[in-house]
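Q: One structure, as structure tokens, below. Some questions next.
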Amino acid sequence: MALTLYRQALNRALDEELANDEQVVIIGEEVAEYNGAYKVTDGLWKKWGDKRVVDTPISEAGFIGMGIGASMLGVRPVMELMFFSFAYVALDQMINNAACIRYMSGGSINCPIVVRGPSNGGTSVGATHSHTPENLFANVPGLKVVAPATAHDAYGLMKSAIRDNDPVYVMENTLLYGDSAAASDLSDEEFTVPIGSAEVKKEGTDVSLIAHGRSVIVALEAAKQLGEEKGINAEVVDLRSIRPLDEETILKSVEKTNRAVLIDENKPFCGVSSQIAATIQEKAFDSLDAPVLRVTSIDAPAIYSPPLEKEQIPNVSRVVDMVQKLG
Amino acid sequence: MLEQIESHKYSELEVNKSLSDEDKIEFLRQMVRIRRFEEASLKYYNLGKMGGFLHLYIGQESIAVGTASLCGDNDHMITAYRDHGHALAVGMSMNECMAELYGKKTGCSKGKGGSMHFFAPDKNFWGGHGIVAGQTPLGLGLAYGLKYNGEKGAALCFLGDGAVNQGSFHESLNLAQLWELPVIYIIENNGYSMGTSQQRSSAFNNCLAGRGDAYGIEWDVGKGNDIYEVRAKTKEAMDRAHNDSQPTILEFDTCRYQGHSVADANAKKYRSPEDIDYYKENYDPISVWKKRLFKESVIDENGYKELDDAAKSEAKESATFAEESDFPDLSEITDDVYYEVDNQTESGKQGKYFFHD
Ligand SMILES: Cc1ncc(C[n+]2csc(CCOP(=O)(O)OP(=O)(O)O)c2C)c(N)n1
Ligand SMILES: [Mg+2]
Numbered sequence: 538m539a540l541t542l543y544r545q546a547l548n549r550a551l552d553e554e555l556a557n558d559e560q561v562v563i564i565g566e567e568v569a570e571y572n573g574a575y576k577v578t579d580g581l582w583k584k585w586g587d588k589r590v591v592d593t594p595i596s597e598a599g600f601i602g603m604g605i606g607a608s609m610l611g612v613r614p615v616m617e618l619m620f621f622s623f624a625y626v627a628l629d630q631m632i633n634n635a636a637c638i639r640y641m642s643g644g645s646i647n648c649p650i651v652v653r654g655p656s657n658g659g660t661s662v663g664a665t666h667s668h669t670p671e672n673l674f675a676n677v678p679g680l681k682v683v684a685p686a687t688a689h690d691a692y693g694l695m696k697s698a699i700r701d702n703d704p705v706y707v708m709e710n711t712l713l714y715g716d717s718a719a720a721s722d723l724s725d726e727e728f729t730v731p732i733g734s735a736e737v738k739k740e741g742t743d744v745s746l747i748a749h750g751r752s753v754i755v756a757l758e759a760a761k762q763l764g765e766e767k768g769i770n771a772e773v774v775d776l777r778s779i780r781p782l783d784e785e786t787i788l789k790s791v792e793k794t795n796r797a798v799l800i801d802e803n804k805p806f807c808g809v810s811s812q813i814a815a816t817i818q819e820k821a822f823d824s825l826d827a828p829v830l831r832v833t834s835i836d837a838p839a840i841y842s843p844p845l846e847k848e849q850i851p852n853v854s855r856v857v858d859m860v861q862k863l864g
Numbered sequence: 017m018l019e020q021i022e023s024h025k026y027s028e029l030e031v032n033k034s035l036s037d038e039d040k041i042e043f044l045r046q047m048v049r050i051r052r053f054e055e056a057s058l059k060y061y062n063l064g065k066m067g068g069f070l071h072l073y074i075g076q077e078s079i080a081v082g083t084a085s086l087c088g089d090n091d092h093m094i095t096a097y098r099d100h101g102h103a104l105a106v107g108m109s110m111n112e113c114m115a116e117l118y119g120k121k122t123g124c125s126k127g128k129g130g131s132m133h134f135f136a137p138d139k140n141f142w143g144g145h146g147i148v149a150g151q152t153p154l155g156l157g158l159a160y161g162l163k164y165n166g167e168k169g170a171a172l173c174f175l176g177d178g179a180v181n182q183g184s185f186h187e188s189l190n191l192a193q194l195w196e197l198p199v200i201y202i203i204e205n206n207g208y209s210m211g212t213s214q215q216r217s218s219a220f221n222n223c224l225a226g227r228g229d230a231y232g233i234e235w236d237v238g239k240g241n242d243i244y245e246v247r248a249k250t251k252e253a254m255d256r257a258h259n260d261s262q263p264t265i266l267e268f269d270t271c272r273y274q275g276h277s278v279a280d281a282n283a284k285k286y287r288s289p290e291d292i293d294y295y296k297e298n299y300d301p302i303s304v305w306k307k308r309l310f311k312e313s314v315i316d317e318n319g320y321k322e323l324d325d326a327a328k329s330e331a332k333e334s335a336t337f338a339e340e341s342d343f344p345d346l347s348e349i350t351d352d353v354y355y356e357v358d359n360q361t362e363s364g365k366q367g368k369y370f371f372h373d
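As given, the protein sequences belong to chains A and B, one line each in that order.
Following our numbering, the numbering of the first sequence begins with 538 at its first residue and continues without gaps.
Following our numbering, the numbering of the second sequence begins with 17 at its first residue and continues without gaps.
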């Protein structure tokens, strides 16, 4: 069976949506003639031409704002940020405009845009290129934020995002693009993964490991180790979507296992896991046999030094250690 | 201060020569309606009927009215927070605008936008934007959408003389020319960004529009208080957009009579009231237009008085309408956040969207 890589799955989703809807246009730096900085858009320009796949100058505020404006007229731009860290120069457009125009217009305008790109550390590119702003954007009503961990979900969520009539920010991960652990056996049939649905990636009985993005892959590896070496049967819940959030799946899992460890590459202060912890203590308090613990990034800007950065972001041994702390 | 109006050559151009008497009276009516609406809004603001800011357009009416008068089905407008004039000029009603100022559910944005955020997509009016220059990439996007779908139209994107110093505007200019998008940036130069004069905020060579030279964008400057001139220059830019899909920067001199907003404590400190009075006496766009129509025998004192009285009562009635309207229900706070939720689509039913208790 030939597995599809995360990047190939995204590529297929983009290609199919370009075919499905003439209003879909891919816009970003190096997405066309260069085939994408990470080859996610490989071959699309050659196939679809200048109108549908558009290289931009280095002007994130300008071209993302432009995409938002065009979306008000019904165009469906899918905009690539080379890194989600670069969203910070376009925040005004991404927050003040994309998220608020529907509201401020009393619901008379909507902005069906997608902004996608990698949102991760762990690649030794230093603090300016390693931000994970899913918590930041999920804090903004009007925005949707998804963070697929596998090729299957990357494909299905990307298609849902493009078809959605609200702004959806798709947080990918450079470490997953070519990772065999994130690869999937994709059906030839088109399918979508609904935004707002979590998935139990591994059933378990003793503790819920709740994560999104690449931390899901870390959690799965940790669960394996916990099972083999410690006799702990961990369940792994993949949020997939941050906002909207599938609380039901989270709570069901915690009610079953009575313990939760949250794995989150965000920094701890108001990270995505902060919201999950608040939800669990509020709605599943009586099910808990231990405090909700978290494995987040160590609370400093992303360090460059490669061996240290591997320790700064969640990794298997940190998760295994934290689970054992539950007692 | 501007030179005395010399409008002959603009009135002789086809775009203006073709105007009927009714058209000319309509421009007068629209300008007067904007002014009376804003005077009324100021009055009720001071009575505590509204919250937040109120940026008045009084003194600049000829620009919104002159430009809007040229817009067809595929032409779009978008501006900053000083948006009441543009809103009325594109045909939004005083009632919905005043009710919005009052924060009522009958407002154009159901009380969710306020003074700075009027919208009417059905009239090709895309706001109403509170962040200085934040609308400039959006205006570019409207032009992109037009071109993408092969429509012959233009996006008129208004900004102030202070907004020209934002990076997003320059990014937009670069993209506009690079991709030959039919956007027209219209700088309404009233000489001040809040309390900072143009001289203290901008490095410029004669004018602000001239910055277009850096990008190879066509530009022009004109007197904003003269509808003939506004229409003449805007028409040229619109032809360029419609026929050649090329951008333009226009800069119109103008004057805001009030403070930056009603809350401008320094309104009388950074510029002299005498200068404003002088402008009002000599260059006020409504007076100038009115006098011209008197001279052209298009309307007389009586006719003007009638139209003015009508505008005053319309404004007054809009305040009554706003007063009598309801505030939105608390439960409506979370409406209009997500399209998919409002429309209860499959996507809108999936997962939790709102996290308050
Ligand atoms: C990004 C941003 N910075 C500052 C402000 C506060 N502010 C609102 S209007 C304004 C002055 C803008 O002047 P100008 O562009 O000339 O427009 P005018 O008010 O004269 O119409 C300032 C500083 C803002 N709204 N947005
Ligand atoms: Mg100004």
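The beta-carbon is built from N, C-alpha and C at its ideal position, and this holds for glycine as well.
Which bits of chain A does D352 of chain B rub up against, with CB to CB less than 7 Å?
A: By Cβ distance, chain A contributes R639, Y640, G643 and G644.
Q: For D690 of chain A, count neighbouring C-beta atoms within 10 Å of its own C-beta (all shown protein chains included) and say buried if the count is 16 or more, exposed if not.
A: Answer is buried; the Cβ neighbour count reaches 16.
Q: Could you tell me which uninterrupted alpha helix (DSSP H) segments, each at least 4 residues in length, are contained entirely in the region 145-175 of chain B, listed from first to last along the chain?
A: Those alpha helix (DSSP H) runs which fall completely within the region 145-175 of chain B and span 4+ residues are 151-164.
Q: With 7 Å as the threshold, decide whether the Cβ of F141 of chain B is near any Cβ in chain A.
A: Chain A contact via Cβ: absent.
Q: Shorter than 7 Å from the beta carbon of F135 of chain B to some beta carbon of chain A?
A: Chain A contact via Cβ: present.
Q: Inspect the beta-carbon positions of A80 of chain B and G101 of chain B and report whether they are closer than 7 Å.
A: It is a contact, given that the beta carbons lie within the stated cut-off.
Q: Could you please give the first and the last residue of the uninterrupted alpha helix (DSSP H) stretch that includes A327 of chain B?
A: That run of the alpha helix (DSSP H) goes E317 to E340.
Q: What residues does ligand 1 have around it, judged by CB closer than 5 Å to any heavy atom, in chain order?
A: Listed along the chain, these residues meet the criterion: B:R98, B:I147, B:V148, B:G176, B:D177, B:G178, B:A179, B:N206, B:S209 and B:M210.
Q: Taking the Cβ atom as the reference point for each residue, do K739 of chain A and V773 of chain A lie within a distance shorter than 7 Å?
A: Yes. Within cutoff.
Q: Using alpha carbons as the reference points, say which of A:T742, A:D558, A:G733 and A:K767 lies closest to D858 of chain A.
A: Among A:T742, A:D558, A:G733 and A:K767, the Cα nearest to that of D858 of chain A belongs to A:K767.
Q: In chain B, what lies closer than 7 Å to I605 of chain A by C-beta?
A: Near I605 of chain A (Cβ distances below 7 Å), the residues of chain B are L154 and G157.
Q: May I ask you to list, following chain order, the residues of the region 95-126 of chain B that have a beta carbon less than 8 Å from some beta carbon of chain A?
A: Residues passing the 8 Å Cβ filter: G123, C124, S125 and K126.
Q: Roughly how many angstroms lie between the CA atoms of Y231 of chain B and D280 of chain B, to the nearest whole one?
A: About 36 Å.
Q: Helix, strand or coil: which one does DSSP assign to E19 of chain B?
A: Only weak support is given to the placement of E19 of chain B: the predicted model assigns it a pLDDT of 43, under 50, and the question is left unresolved by the model.
Q: For I732 of chain A, which residues in chain B fall below 9 Å Cβ to Cβ?
A: Neighbours of I732 of chain A on chain B, chain order: E356, S363, Q366 and G367.
Q: Kindly indicate the opening and closing residues of the beta strand (DSSP E) around S745 of chain A.
A: From DSSP, the beta strand (DSSP E) with S745 of chain A extends over V744 to A748.
Q: I'd like to know whether the C-beta atoms of A718 of chain A and A688 of chain A end up nearer to each other than 7 Å.
A: Going by C-beta atoms, A718 of chain A is not nearer than 7 Å to A688 of chain A.
Q: Can we say the region 832-849 of chain A touches the region 790-806 of chain A, given the rule of at least three CB pairs closer than 8 Å?
A: Because the criterion of three Cβ pairs below 8 Å is met, the region 832-849 of chain A and the region 790-806 of chain A touch.
Q: Among all the DSSP beta bridges, which residues are the ones paired with R855 of chain A?
A: Partner(s): none; R855 of chain A has no beta bridge.
Q: Name, please, each residue of chain A whose Cβ falls closer than 9 Å to the Cβ of L346 of chain B.
A: Under the 9 Å cutoff, chain A gives no residues; its nearest Cβ is about 15 Å from L346 of chain B.
Q: Below 7 Å on C-beta distance, what does E187 of chain B contact in chain A?
A: Going along chain A in sequence order, the residues near E187 of chain B (Cβ under 7 Å) are S596, A598 and G599.
Q: Can G404 of chain B and N282 of chain B be called in contact, C-beta distance under 7 Å?
A: Nothing can be reported for residue 404 of chain B: it is not among the residues displayed for chain B, which extend from 17 to 373.
Q: Give me the chain A residues within the contact set of L191 of chain B, using Cβ-Cβ distance strictly less than 8 Å, ordered along the chain.
A: Here the neighbours are T593, P594, S596, G599, F600 and M603.
Q: What residues from chain A crowd round L194 of chain B, counting only those whose CB sits closer than 8 Å?
A: In chain order: P594.
Q: With 7 Å as the threshold, decide whether the Cβ of K128 of chain B is near any Cβ in chain A.
A: Yes - at least one Cβ of chain A is within 7 Å of the one on K128 of chain B.
Q: List the residues of chain A whose Cβ lies closer than 8 Å to the Cβ of S341 of chain B, in chain order.
A: Going along chain A, no residue has its Cβ under 8 Å from S341 of chain B, so there is no contact; the nearest lies around 13 Å.
Q: Given a cut-off of 7 Å, decide if A839 of chain A and A664 of chain A are closer than it, judged by their beta-carbon atoms.
A: Contact flag set, yes.
Q: Which of the three DSSP states, helix, strand or coil, is assigned to G211 of chain B?
A: In this structure, G211 of chain B counts as coil in the three-state DSSP scheme.
Q: Using beta-carbon positions only, say whether T12 of chain B and Q76 of chain B come within less than 7 Å of one another.
A: It is not possible to answer for residue 12 of chain B, since the shown part of chain B is limited to 17 through 373.
Q: Determine, for Y10 of chain B, whether the minimum Cβ-Cβ distance to residues of chain A falls below 7 Å.
A: An answer regarding residue 10 of chain B cannot be provided, because it is not within the stretch 17 to 373 covered by chain B.
Q: With 7 Å as the threshold, decide whether the Cβ of Q630 of chain A is near any Cβ in chain B.
A: By this cut-off, Q630 of chain A is an interface position.
Q: Determine the DSSP secondary structure at T264 of chain B, reduced to helix, strand or coil.
A: Looking at T264 of chain B - three-state DSSP - the assignment turns out to be strand.
Q: Taking the alpha-carbon of G157 of chain B as reference, which of A:V856, A:Y841 and A:A607 has the nearest alpha-carbon?
A: That would be A:A607, whose Cα lies nearest to the Cα of G157 of chain B.
Q: State the start and end residues of the unbroken beta strand (DSSP E) segment that holds W235 of chain B.
A: Element bounds for W235 of chain B: E234 to K239.
Q: Output the distance between the C-alpha atoms of E846 of chain A and V809 of chain A, rounded to the nearest integer angstrom.
A: Rounded to whole angstroms, E846 of chain A to V809 of chain A spans 20 Å at the Cα level.
Q: Give the interface partners of E784 of chain A over in chain B, defined as CB-CB distance under 7 Å, in chain order.
A: Per Cβ cutoff of 7 Å: K368.
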